[in-house]
Amino acid sequence: MSRRTELQRVANDMFGWPELRPAQLEAMEAVLAGRDVLAVMATGSGKSAIYQVPAVLIDGATLVVSPLIALQRDQISGLASTEAPEAVAINSQLGSHDIARNWQAVREHAAEYVFLAPEQLTNDDVLTALAQMDISLVVVDEAHCVSAWGHDFRPSYLRIADSIERFGGPPIVALTATASPVVRREIVEHLRLRDPLVIASGFDRPNIALEVSHYVADDDKRDAVLARMLAVERPALLYTATRKDTETYAAQLNSSGVTARAYHAGLSRAQRDEVHQLFRADNGVDVVVATSAFGMGIDKADVRTVVHASIPDSMDTYYQQIGRAGRDGKPATAALFYRPEDLGLARFFTTNRPDEELLAGVYADLDRRAPKRWSDLRTRLGVRGPRVTNALNLLEEAELVCSTRDGFTRNSSVGVEEAVHRAVEIVERNERIDRTRVEMMRGYAETRECRRQFLLGYFGEPLPEPCGNCDNCASGVVDDEPPATDRWAVQTPVEHREWGSGVVMGAEDDRITVLFDEFGYRTLLLASIEHSGVLTRGDGRTVGGF
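Count the sequence shown with UniProt numbering and you get residues 1 to 546, in order.
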């Protein structure tokens, strides 16, 4: 029996899926062949099946790294409703009895799927226990969290690759619903994927109408947001930039007869869980007003409207948030209320100054010969674990520190002051790139071309024709003729005299957008580069050479 036939049999008999999509089958066959896989597929396209089905045919347990306990709970519940093997979790919300029972199930090969959070892979006891077991496959869910370019960055994700090496280097499946080309590159790099099969398709959600409204005065914008929320088709999500705004809008909506709840990181876990439950219930709440903290794990198929009261900090964040609308395939709307001055707040959120004193302390405490464990560093320095993780990640990215099975060591003889300087330079580079991502949001809000073409171009997925389902298409301002920049097709490699290597991400009649390795996204006017010859294609020809 061929691998494909066997996969289809398991999918049907155990999971009740009579047919698998071509992309799913391609990824599953790669997993069976022991190859690493990066799958970037829209929510609802069956990403989880990519590991769930082949895991049944592979000896040993499947370790699933999932960032939220709620997500773990949902996936375990879903597996329990099928004929699939047992799935268990190892997390902080379980009692000691349940944890002991789940460990025993893994040791006795009774459990096929083991779910845990990335932070647990920094726990030496958990790592030691897992290293003694037969881990045949590692799955990294919400893999965009590994990238500082992603919309839900989690520093602990950068330590996953170290843990996988302690398990003997089993194949890795990285899954995410959204990742721009630079995020995909960082996922491959930070998870140390080996010649991975990369499947990235299906970003378009044509059932979601895209709209942008422009304002000058903040009060006018706020009044318009409130008026829109009173009239939108519900259930609906309203995203705001600050915690204060979530409370303000929620109070205004409730006083107008619309059931609304605020959601932000300042609420207790119990309060956040309550909002989640109310939102997912059929008659629980009309509107959730949230900051970006209302993120992963939001799975409600019938959200009809997603409104942004302020512009987000990146297209990655925006795409992820509007993607919570219309998951049932029915018409939905994504509306952005845009005021150019709000870009200043978005830029503020991209600023992240490193703790130079902690960087110095971590580097000074490490030795070139005797490895030190993460937990020992945390104890010796007297600081919280995530802060130590952040410092180690930066020093490792600066190629000053390396990780081994026994802990972390220096791999450089530079002094402490120079080490801190190099780490800070990396932060400054990342901030520079982050600022260009904010400018891409400006481009989306201000474009007079098809918004969907702009949005999909950011993710490297060209849309040949205008979508017909955005405000620009509806108003008739979009030119149906293809841009005069066909020679600069998406994904064309280029070289800039000052900014170095890059790749074309989008093209309009008079400009192109290029993603540069070190300087992020830049929009270049064709007239300017034709005159100066500052940009060359990968084949070495300048624009003016055509």
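C-beta atoms are modelled at their ideal positions from N, C-alpha and C, and glycine is treated no differently. Nothing here was measured: the structure is a model prediction, and the numbers come from that model.
Only counting the same chain, and skipping five residues up and downstream in sequence, which positions put a Cβ closer than 7 angstroms to that of residue i?
i: Gln93; result: Ile69
i: Leu343; result: Ile311, Val438, Arg442
i: Ser375; result: Asp124
i: Phe294; result: Tyr263, Val288
Could you tell me the distance, in whole angstroms, from the CA atom of residue i to the CA atom of residue j?
i: Gly533; j: Arg442; result: 26 angstroms
i: Ala484; j: Ile512; result: Residue placement at Ala484 is flagged as unreliable, the pLDDT there being 48, under the threshold of 50; the coordinate-derived value follows with that caveat. Going by the C-alpha atoms only, they are around 11 angstroms apart.
i: Leu237; j: Ile187; result: 29 angstroms
i: His496; j: Leu455; result: 24 angstroms
i: Thr305; j: Ser77; result: 28 angstroms
i: Leu13; j: Tyr51; result: Before going on, a small fix: residue 13 reads as Asp here, not Leu. So the alpha carbons of these two residues sit roughly 16 angstroms apart.
i: Ser48; j: Thr176; result: 10 angstroms
i: Ala217; j: Asp204; result: 33 angstroms
i: Ala489; j: Arg35; result: 31 angstroms
i: Ser156; j: Pro118; result: 6 angstroms
i: Asp367; j: Pro181; result: 36 angstroms
i: Met133; j: Phe167; result: 8 angstroms
i: Ser292; j: His214; result: 22 angstroms
i: Ala131; j: Ala391; result: 26 angstroms
i: Glu165; j: Glu189; result: 15 angstroms
i: Arg73; j: Ile99; result: 14 angstroms
i: Arg387; j: Arg154; result: 12 angstroms
i: Lys330; j: Leu278; result: 22 angstroms
i: Asp355; j: Thr122; result: 21 angstroms
i: Ser502; j: Met315; result: The residue asked about is misnamed: residue 502 is Gly in this sequence, not Ser. Whole-angstrom Cα-Cα distance: 18 angstroms.
i: Asn91; j: Leu127; result: 13 angstroms
i: Arg384; j: Gly476; result: 55 angstroms
i: Glu274; j: Leu525; result: 50 angstroms
i: Gly284; j: Val303; result: 13 angstroms
i: His109; j: Asp59; result: 9 angstroms
i: Ala290; j: Thr240; result: 6 angstroms
With a threshold of 16 other CB atoms inside 10 Å of the CB of residue i, please say whether the residue is buried or exposed.
i: Thr404; result: exposed
i: His144; result: buried
i: Val140; result: buried
i: Lys244; result: exposed
i: Ala55; result: buried
i: Asn393; result: buried
i: Leu535; result: buried
i: Asp286; result: buried
i: Ser147; result: buried
i: Gly323; result: buried
i: Asn102; result: buried
i: Gln321; result: buried
i: residue 563; result: Nothing can be reported for residue 563: it is not among the residues displayed for the chain, which extend from 1 to 546.
Among the options, which one has its Cα closest to the Cα of residue i?
i: Gly382; options: Arg369, Arg422, Leu456, Leu358; result: Leu358
i: Ala209; options: Val225, Val504, Asp13, Arg451; result: Arg451
i: residue 547; options: Tyr521, Leu455, Thr122, Gly407; result: Outside the shown range of the chain (1 to 546) lies residue 547, about which nothing can therefore be said.
i: Ala33; options: Arg373, Trp488, Glu108, Leu137; result: Leu137
i: Leu71; options: Ile172, Glu142, Asp218, Lys330; result: Glu142
i: Gly326; options: Val401, Asp134, Arg234, Leu278; result: Arg234
i: Phe519; options: Gly506, Arg9, Trp499, Arg537; result: Trp499
i: Gln491; options: Ser475, Val514, Asp471, Cys470; result: Val514
i: Glu449; options: Asn472, Asp124, Arg73; result: Asn472
i: residue 552; options: Glu465, Val362, Met440, Ala129; result: No statement about residue 552 is possible, as the shown extent of the chain runs from 1 to 546 and does not include it.
i: Thr246; options: Arg4, His308, Gly415; result: His308
i: Ser255; options: Leu226, Asp273, Gly95, Arg384; result: Leu226
i: Thr259; options: Met229, Ala241, Thr240, Thr242; result: Met229
Which residues in the same chain have their Cβ closer than 6 angstroms to the Cβ of residue i, if we skip the five residues on either side of it in sequence?
i: Leu7; result: Met28, Val53
i: Glu83; result: Met14
i: Trp17; result: Ala11
i: Val212; result: Leu336, Tyr338, Ala445
i: Ala87; result: Ile76, Leu79, Tyr113
i: Gly460; result: Pro181
i: Thr333; result: Ala209, Thr305
i: Pro462; result: Val490
i: Thr523; result: Arg511, Thr513
Which residues in the same chain have their Cβ closer than 8 angstroms to the Cβ of residue i, if we skip the five residues on either side of it in sequence?
i: Ala398; result: Ala419, Arg422, Ala423, Glu425, Ile426
i: Asp365; result: Lys372, Leu377, Arg380, Leu381
i: Asn411; result: Arg368, Glu399, Leu400, Val401, Cys402
i: Pro206; result: Arg452, Cys467, Asn469
Do we get a CB-CB distance below 8 angstroms when we pair residue i with the residues of chain D?
i: Asp365; result: The chain inventory of the structure shown lacks chain D, comprising one protein chain alone.
Across the region 189-203 and the region 254-269, are there enough close Cβ pairs to call them in contact, namely three or more that are closer than 8 angstroms? no
Between the region 102-114 and the region 46-65, do at least 3 Cβ pairs fall closer than 8 angstroms? yes
Could you check whether the region 158-172 touches the region 18-26, counting it as contact only if at least three pairs of C-beta atoms, one from each stretch, sit closer than 8 angstroms? no
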